[in-house]
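Residue numbering for the sequence shown is 9 to 125, as defined by our numbering. For each residue, glycine too, the CB sits at the ideal point set by N, CA and C.
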Amino acid sequence: MSTSEFLKKYFFWTLFILCITTSVNAGLNKFTNLIFVEDWLIERKVDLTINEIQCRASIPSNASWFGARVRLGPENELIEPIWISVKANQVLDSKLVKIRELLDDCRSGLLFLPENL
């Protein structure tokens, strides 16, 4: 094997290993985007310190950080910060039912396979 072939293989395998190890950490101990549904973002976090899956939903267009967004709280209640004006079609009961169902599915286990999107 020539030096150039060896370097190509070494570079390829190094890049491959780096790509695998960085993608594996997605969603571990930090919230990551899972799915967008009708203006709502559902995020997931697998907390390894307490062995728990946490999921949350919000409308990201209103603010850059979660606490300032229109969102669903820990008991799936609608939280609307008073400084944000919300479009009526973003918080329709039919939409909220769908988002709550997706959150329940998200929290039910590691495998998230949403139906009827």
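### Task
Assign Trp7 to one of two classes, buried (16 or more other C-beta atoms within 10 Å of its C-beta) or exposed (fewer than that).
Absent from the model: residue 7. The displayed extent of the chain is 9 to 125, so no value can be given.
### Where Arg52 falls: helix, strand or coil (DSSP)
Position 44 of the sequence shown, counting from 1, holds the residue named residue 52. The answer is strand: DSSP assigns Arg52 an E or B state.
### Message
Let me confirm a value: Leu42 is counted as buried when at least 16 other C-beta atoms fall within 10 Å, else exposed. Which label applies?
### Response
As a position in the sequence shown, residue 42 is number 34, starting the count at 1. The residue is buried, with at least 16 neighbouring Cβ atoms inside 10 Å.
### Query
Looking at the structure shown, is Ser10 part of a helix, part of a strand, or coil, going by DSSP?
On the sequence shown, residue 10 is found 2 positions in, with the first residue counted as 1. Correct three-state label for Ser10: coil.
### Query
Using the rule of at least 16 other Cβ atoms within 10 Å of the residue's Cβ for burial, across every protein chain shown, is Glu83 buried or exposed?
On the sequence shown, position 75 is the one that residue 83 refers to. It is exposed - the Cβ of Glu83 has fewer than 16 other Cβ atoms within 10 Å.
### Task
Taking Leu42 as part of the beta strand (DSSP E), name the residues at either end of that continuous run.
Taking the first residue of the sequence shown as position 1, residue 42 is located at position 34. Segment 40-45, the beta strand (DSSP E) holding Leu42.
### Message
Phe39 and Lys53 - do their beta-carbons sit closer together than 8 angstroms?
### Response
Translated into positions along the sequence shown, residue 53 becomes position 45. Translated into positions along the sequence shown, residue 39 becomes position 31. Yes, the Cβ-Cβ distance between Lys53 and Phe39 is below 8 angstroms.
### Query
For the candidate residues Asn59, Cys63, Ser10, whose alpha-carbon lies nearest to that of Leu142?
Absent from the structure is residue 142, since the part of the chain shown begins at 9 and ends at 125.
### Straight-line gap, Ala71 to Ile90 (C-alpha atoms, nearest Å)
Within the sequence shown, the letter at position 63 stands for residue 71. Within the sequence shown, the letter at position 82 stands for residue 90. C-alpha separation (whole angstroms): 13 angstroms.
### Query
How long is the line joining the alpha carbons of Ile61 and Ala96, rounded to whole angstroms?
Mapped onto the sequence shown, residue 61 falls at position 53. Mapped onto the sequence shown, residue 96 falls at position 88. Spanning the alpha carbons of Ile61 and Ala96 requires a straight line of approximately 31 angstroms.
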